[in-house]
Amino acid sequence: MTEPILAGRGVVKRYGDVIALAGVDITIGAGEVVAIVGPSGSGKSTLLHVLAGILPADGGEVFLGRQPITRMSETERSKLRRSAFGFVFQSGMLVAELTAEENVALPMLLAGTPRDKGIAAAREWLVRLGLGGLATRRPGEVSGGQLQRMAIARALAHRPQVIFADEPTGALDTKTGEETISALLTVAQETNAAVVIVTHDVSVANRAQRVIEMRDGRVAVRAAA
Ligand SMILES: Nc1ncnc2c1ncn2[C@@H]1O[C@H](COP(=O)(O)OP(=O)(O)OP(=O)(O)O)[C@@H](O)[C@H]1O
Ligand SMILES: [Mg+2]
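Per the UniProt record's numbering, the very first residue in the sequence shown carries number 1; after that it's consecutive.
Encoded structure:
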């Protein structure tokens with residue numbers, strides 16, 4: 001593995017009486033592509049959200065490089081999230097009222113990039129993902145595959161160190177799903193972003209350098225892909 005970029009140590013997460021994560025140890029290398037698989041309810045999404053600092057952990061530590069994100073305040077964590085992480089989720093999370101270029105520029109604008117620069121960079125990302133002609137369309141005016149590529153452009157445009165994807169192809173047909181994953185992995189590799197991808201899809205897991213299997217809130221198997 002390359003130098004670790006993200007690590008969880010003994011990560012515990014509870015929802016009331018439900019123990020969703022029962023002490024997870026995981027290390028992701030810089031630029032590495034890791035798939036997280038496992039049965040429904042095994043804790044995959046919870047792990048992703050805790051690693052990404054979206055959900056606080058109830059025990060253990062999460063490190064980005066050497067920074068313990070589990071010890072940061074919510075303000076510090078959200079700042080870090082915006083600069084160091086990108087997200088591609090099944091439901092898109094794009095803002096319906098904004099155009100494609102505005103959606104893609106949004107993380108950059110929130111990080112303080114001037115609007116004209118952000119929009120120009122966003123247009124370049126859209127071209128890279130084959131969406132050059134759709135820069136002024138809104139999320140409701142494109143196909144499912146185009147929507148996911150738009151989400152990928154947005155997740156990558158601020159050059160994050162880690163991209164988190166939860167079932168990014170779940171709503172797509174096989175061919176569109178494969179094209180979406182190819183687009184994600186190509187641009188992630190170009191920017192040396194690590195990719196942590198939760199998936200039920202074997203063909204997606206096969207594209208990862210490493211597959212981690214979750215079972216009952218623990219890491220079950222670490223098999224080479
Ligand atoms: N907000 C919540 N409140 C209570 N329990 C929850 C909540 N979210 C998840 N859980 C429970 O935590 C456990 C892990 O859920 P999680 O969503 O991480 O599973 P998953 O592996 O992503 O499943 P799936 O493949 O169905 O998406 C499950 O038992 C689930 O019912
Ligand atoms: Mg899930």
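Don't be surprised by glycine CBs; every beta carbon is placed ideally from N, CA and C.
(message) Here's the rule I'm using: 16 or more other beta-carbon atoms within 10 Å means buried, otherwise exposed. How should T186 be labelled?
(response) exposed
(message) Assuming E213 is part of the beta strand (DSSP E), what are its boundary residues?
(response) R210 to R215
(message) In the DSSP output, which residue or residues are listed as bridge partners for R9?
(response) E61
(request) Indicate the three-state DSSP secondary structure (helix, strand or coil) for Q148 in the structure shown. (result) helix
(message) I want to see whether chain C comes within less than 8 Å of A100, judged by CB atoms only; does it?
(response) Absence of chain C from the displayed structure is noted, only one protein chain being present.
(request) For S78, verify whether its CB is less than 7 Å away from any heavy atom of ligand 2. (result) no
(request) Rank A57, A120 and L106 by C-alpha distance to the C-alpha of M93 and give the top, closest one. (result) L106
(message) Assuming V187 is part of the alpha helix (DSSP H), what are its boundary residues?
(response) T174 to E190
(message) According to DSSP, simplified to helix, strand and coil, what is A20?
(response) strand
(message) Could you tell me the alpha carbon to alpha carbon distance between A121 and G16, rounded to whole angstroms?
(response) 44 Å
(message) Taking the straight line between their C-alpha atoms, what separation do you get for M108 and K44?
(response) 28 Å
(message) Count Cβ pairs between the segment 24-38 and the segment 199-212 that sit closer than 8 Å; are there 3 or more?
(response) yes
(request) Mind listing which residues have their beta carbon within less than 5 Å of any non-hydrogen atom of ligand 4? Chain order is fine. (result) Ligands displayed in this structure: ligand 1 and ligand 2; ligand 4 is not among them.
(message) Would V162 and I181 be called neighbours here (beta carbons separated by less than 8 Å)?
(response) no
(message) Only counting the same chain, and skipping five residues up and downstream in sequence, which positions put a Cβ closer than 8 Å to that of F85?
(response) A52, G53, P160, Q161, V162, I163 and F164
(message) Checking 8 Å against the spacing of the C-beta atoms, do L6 and L64 come in under that value?
(response) yes
(request) Starting from the Cα of residue 226, find the closest Cα among T75, E32 and G23 and give me that residue. (result) The question about residue 226 has no answer here: the residues shown for the chain are numbered 1 through 225.
(message) For ligand 2, is there any heavy atom lying closer than 7 Å to the beta carbon of V95?
(response) no
(message) Which of the three DSSP states is assigned to I28 in this structure?
(response) strand
(request) Determine the closest residue to T2 out of K13, I28 and A20, with distance taken between C-alpha atoms. (result) I28
(message) List, from N- to C-terminal side, the alpha helix (DSSP H) runs of 4 residues or more that fit wholly inside the segment 110-154.
(response) 115-128
(message) Do T136 and E178 count as a contact pair if the criterion is CB distance below 8 Å?
(response) no
(message) Can you give me the C-alpha to C-alpha distance between S78 and A30, rounded to a whole angstrom?
(response) 21 Å
(request) For D166, verify whether its CB is less than 7 Å away from any heavy atom of ligand 2. (result) yes
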